[in-house]
Amino acid sequence: MGGWDDICIAAAMTVMLVELAIIIPSVSLGAGRHVQYLDPKDNIQGLHLNFVTQPLCLIALCLTKLSVGLFLIRLTPSKRHVRIIWGVMILTVLSWLGNFRVSALTDLIFALLPIPIVRRLQMNRRTKVAIIAILSLGIFVTVCAIIKMNYLGSYGEHGDFLFDSSEITIW
Numbered sequence: 001m002g003g004w005d006d007i008c009i010a011a012a013m014t015v016m017l018v019e020l021a022i023i024i025p026s027v028s029l030g031a032g033r034h035v036q037y038l039d040p041k042d043n044i045q046g047l048h049l050n051f052v053t054q055p056l057c058l059i060a061l062c063l064t065k066l067s068v069g070l071f072l073i074r075l076t077p078s079k080r081h082v083r084i085i086w087g088v089m090i091l092t093v094l095s096w097l098g099n100f101r102v103s104a105l106t107d108l109i110f111a112l113l114p115i116p117i118v119r120r121l122q123m124n125r126r127t128k129v130a131i132i133a134i135l136s137l138g139i140f141v142t143v144c145a146i147i148k149m150n151y152l153g154s155y156g157e158h159g160d161f162l163f164d165s166s167e168i169t170i171w
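Using the UniProt record's numbering, you'd call the opening residue of the sequence shown number 1 and step up by one each time.
This is the structure:
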């Protein structure tokens with residue numbers, strides 16, 4: 001039977017599926033295209049859908065990070081690591097709205113923290129390397145978050161929100 005980590009990841013997947021169900025029609029309404037090529041009604045509807053998807057994405061990301069943290073807590077016997085993980089999860093929940101720098105930092109911590117945790121586990125070397133490699137994919141997530149931050153700086157600068165949001169959505 002699954003634990004809270006499984007519940008969080010299932011909830012994240014559900015929220016993300018709802019978000020994707022909203023993103024798909026927003027593409028036909030102009031997401032990813034410049035405003036001057038859009039019908040004004042499509043632009044307005046596309047902006048509404050875009051607005052709805054943003055909090056859904058943040059909720060899904062938060063739930064995913066909580067799931068990783070809860071999974072790492074199940075792995076580690078170290079009280080120090082448990083405290084670090086709880087600190088990162090609390091920071092994630094407190095900053096889930098609008099702080100991508102903190103988000104990138106928590107991604108990096110959750111990518112690197114499994115290394116000392118898994119090294120101490122009693123299992124064969126090949127399994128340890130595989131687990132560390134999988135959990136360290138968070139480094140890729142961190143790079144994506146940093147790239148996304150660069151696009152956030154110019155989001156909506158020229159009033160072309162549906163076009164600007166496409167790069168943010170991709171990353």
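Even for Gly, the Cβ is constructed at its ideal location relative to N, Cα and C.
A direct Cα-Cα distance of roughly 45 Å separates ILE131 from GLY159. Judged by DSSP in its simplified three-state form, ASN124 adopts coil rather than helix or strand. Less than 8 Å divides the Cβ of LEU162 from the Cβ of VAL35. The shortest CA-to-CA distance from PHE71 to any of ILE139, PRO40, ASN50, VAL118 is the one to VAL118. Around the beta-carbon of SER67, 16 or more other beta-carbon atoms lie within 10 Å, marking it buried.
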